[in-house]
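**Q**
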Amino acid sequence: MICLKDDSHLYPLLGLYQLSIEPDLKSYIDSGQRRVMQFIQPLVQAVPFSKEWQNLTNFNTPEEFKQACADLPK
């Protein structure tokens, strides 16, 4: 899974998740756990983004995410 992060926060809702994590996530929730960060921390690859880019962080497909990354200032 890939999630965006800025200098101080990881944004789990701004990420790409593989469907293959579903069984583990279901088991985690079924065991009574509800802390998203605790579940994703061992699995996540954080991708930094700037404050100026935060308004553009609604991606619905991997292609939209790749395009947004390509559009970032270098």
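By my numbering, the letter at position 50 of the sequence shown is numbered 1395, and the numbering carries on one by one without gaps.
For every residue, glycine included, the Cβ atom is placed at its ideal position computed from N, Cα and C.
Just so it is clear, the structure is predicted and the values come from calculations on it, not from any experiment.
1. If you draw a straight line from the alpha carbon of A1413 to that of P1368, how long is it in whole angstroms?
2. Helix, strand or coil: which one does DSSP assign to V1392?
3. With DSSP as the reference, please indicate the residues paired to I1385 in a beta bridge.
4. Output the residue ranges of the beta strand (DSSP E) runs that lie fully inside the stretch 1349-1384 and measure 3 residues or longer, sorted by chain position.
5. With a threshold of 6 Å on Cβ separation, who are the neighbours of D1375 within its own chain once the five nearest residues in sequence on each side are excluded?
**A** On the basis of the supplied data:
1. 30 Å
2. strand
3. I1385 is not bridged to any residue.
4. 1355-1361
5. none
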